Amino acid sequence: MESNQKRICNVPFDIRDEKITTDVKDAASLSTFYLNIISKPSINLTSPSPKLIILDLNGTLCFRKKKKSKNKIYHIILRPFINEFINYLFDNFSVMIWSTSRPENVDKMVNLIFGDQKEKLVAVWARDKFGFTNEEYERDTKAIKDLDIIWKALNSQTESTTKFMLDPTNTILIDDSRYKTQLQPFNAIHPRGFDRERVREGGDSELTMIIKYLEVVKHQSNVAAYMKDNPFTDRIQ
Ligand SMILES: [Mg+2]
Numbered sequence: 001m002e003s004n005q006k007r008i009c010n011v012p013f014d015i016r017d018e019k020i021t022t023d024v025k026d027a028a029s030l031s032t033f034y035l036n037i038i039s040k041p042s043i044n045l046t047s048p049s050p051k052l053i054i055l056d057l058n059g060t061l062c063f064r065k066k067k068k069s070k071n072k073i074y075h076i077i078l079r080p081f082i083n084e085f086i087n088y089l090f091d092n093f094s095v096m097i098w099s100t101s102r103p104e105n106v107d108k109m110v111n112l113i114f115g116d117q118k119e120k121l122v123a124v125w126a127r128d129k130f131g132f133t134n135e136e137y138e139r140d141t142k143a144i145k146d147l148d149i150i151w152k153a154l155n156s157q158t159e160s161t162t163k164f165m166l167d168p169t170n171t172i173l174i175d176d177s178r179y180k181t182q183l184q185p186f187n188a189i190h191p192r193g194f195d196r197e198r199v200r201e202g203g204d205s206e207l208t209m210i211i212k213y214l215e216v217v218k219h220q221s222n223v224a225a226y227m228k229d230n231p232f233t234d235r236i237q
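With the UniProt record's numbering, the residue at position 236 of the sequence shown is 236, and numbering never jumps.
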């Protein structure tokens, strides 16, 4: 069992990463395709069906704390129970990363968080996967994680990385930002953001709470329909 102690590592970072607002003030309307799928009740399966977990990094699995003294240097503080969480995910799901950070920064975080286990990730996506123009990429452009982009890309591969067809019934996005998940909101689990305040408070156990929640969700035939009626945020504390 992993200790609940925070682990810190100094890694040089490009500081031009985005600063994303977290409000959902211009939430898009949901597609007919999506509304249709979430209207179909989920069945509790005896054996879990294959599912894909898409992980956010900063604020979900770690916190990047900028050092005051040196430019472009960050502390990366890993969230408590991170190893237990990663091992659980790889034992039960296909797992990929999708971060709004730049590829070079994502690589650093992935190396630190996953170590040798990063080979098990079916994909690692970064800021270059949002279809931004060069200008948008360089600015603090707000990014929405549209799962359609992932479904189209991964389902069209000749040799499917996940070995099953992805859709709203079997895809789970874990992200502390509600803004970023607004196009398929019922496919998202929102942990409390792992930020400066949470680090200072200590005692964070969001990742163990997600494991408990996923133990139920993994048996669902339609995760979007199930999570719409039983969101993670309604969990018993
Ligand atoms: Mg985040």
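Backbone N, C-alpha and C define an ideal beta-carbon position, used for all residues, glycine too.
Keep in mind the model is a prediction, meaning the values are calculated, not measured.
Nearest to Thr100 by C-alpha distance, out of Pro80, Lys129, Leu112 and Lys118, is Lys129. Under the three-state reduction of DSSP, Leu112 is assigned to helix.
Counting other Cβ atoms within 10 Å of its Cβ, Ser177 reaches 16 or more and is therefore classed as buried. With respect to the C-alpha of Leu45, the residue from Asn170, Ile113 and Ser156 having the closest C-alpha is Asn170. For Arg64, the enclosing beta strand (DSSP E) starts and ends at Cys62 to Lys66.
Minimum Cα-Cα distance from Thr60 among the listed residues Pro80, Lys218 and Ile43 corresponds to Pro80. Contact annotation: the region 118–126 does not touch the region 135–143, with fewer than three C-beta pairs closer than 8 Å. Close to ligand 1, as judged by a C-beta nearer than 6 Å to any of its heavy atoms, are the residues Asp56, Asn58, Gly59, Thr60, Asp175, Asp176 and Ser177, in chain order. In the three-state reduction of the DSSP assignment, Ile43 falls in the coil class, being assigned neither a helical nor a strand state. Proximity to Tyr34 across Gln184, Glu215, Arg200 and Leu207 peaks at Gln184, based on C-alpha coordinates.
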